[in-house]
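*Asks:* Input: one structure, supplied below.
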Amino acid sequence: MGMDLSTGPVKKGRRTPEMNVTPLVDVVLVLLIIFMAITPSLSKQIWLHIPDEPEDLPPAAVDPQQPLIISVNAEGAIRINRDSISDERFPERLTRILAARGERKIFFDAHDEVSFERAAEALDLAKEGGAATIAVMTSPLPE
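Position 130 of the sequence shown, counted from 1, bears residue number 187 in my numbering, the numbering being contiguous throughout.
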């Protein structure tokens, strides 16, 4: 295995230069082994908690003409149209209300004193409850 670099007649006793590819092959094989060893540890896993099938609950009595406003007051309590509700019951109640309305749009309002984390938690709970469109309110709705 060689490479002939001569352009004229070959003289006796002189070696023709050859390219030595052994170090290149060694480096490539070492890199291959390193990548084969590292690849299994690079796989990403995501653990999901999939909730059980929801019970068939009767839909909540809601006026479909009235906008659905989710608000967080200064103390951090979540309210659905002025009714306070616990964080644990909020997604279930919102699911029932949205099922009764047919429209999955809500308005979100957070008090100025509420922390960003608490407002984000309320938005996450609203998504968990089935809200498809969340409109953030910058001013109160006209009565």
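Backbone N, C-alpha and C define an ideal beta-carbon position, used for all residues, glycine too.
1. Starting from A94, follow the beta strand (DSSP E) in both directions and report where the run begins and ends.
2. For L155 versus G187, is the C-beta distance shorter than 8 Å?
3. Kindly identify the DSSP beta-bridge partner or partners of A167.
4. Which class does S100 belong to by DSSP, given the choice of helix, strand or coil?
5. Measure the CB-CB distance between I126 and A179 and report whether it falls below 8 Å.
6. Taking its Cβ as the centre, do 16 or more other Cβ atoms sit within 10 Å of R177, making it buried, or is it exposed?
7. Thinking C-beta only, is E170 closer than 8 Å to A131?
*Replies:* Reading it off the structure:
1. Element bounds for A94: not the beta strand (DSSP E) but the alpha helix (DSSP H), T79 to I95.
2. Inclusion of L155 and G187 in the CB contact set at 8 Å is warranted, their separation being smaller than that value.
3. Note: A167 sits in a beta bridge opposite V129.
4. Three-state DSSP puts S100 in coil, outside helix and strand.
5. No.
6. In the sequence on display, residue 177 carries Ala and not Arg. Exposed is the call here.
7. Going by C-beta atoms, A131 is nearer than 8 Å to E170.
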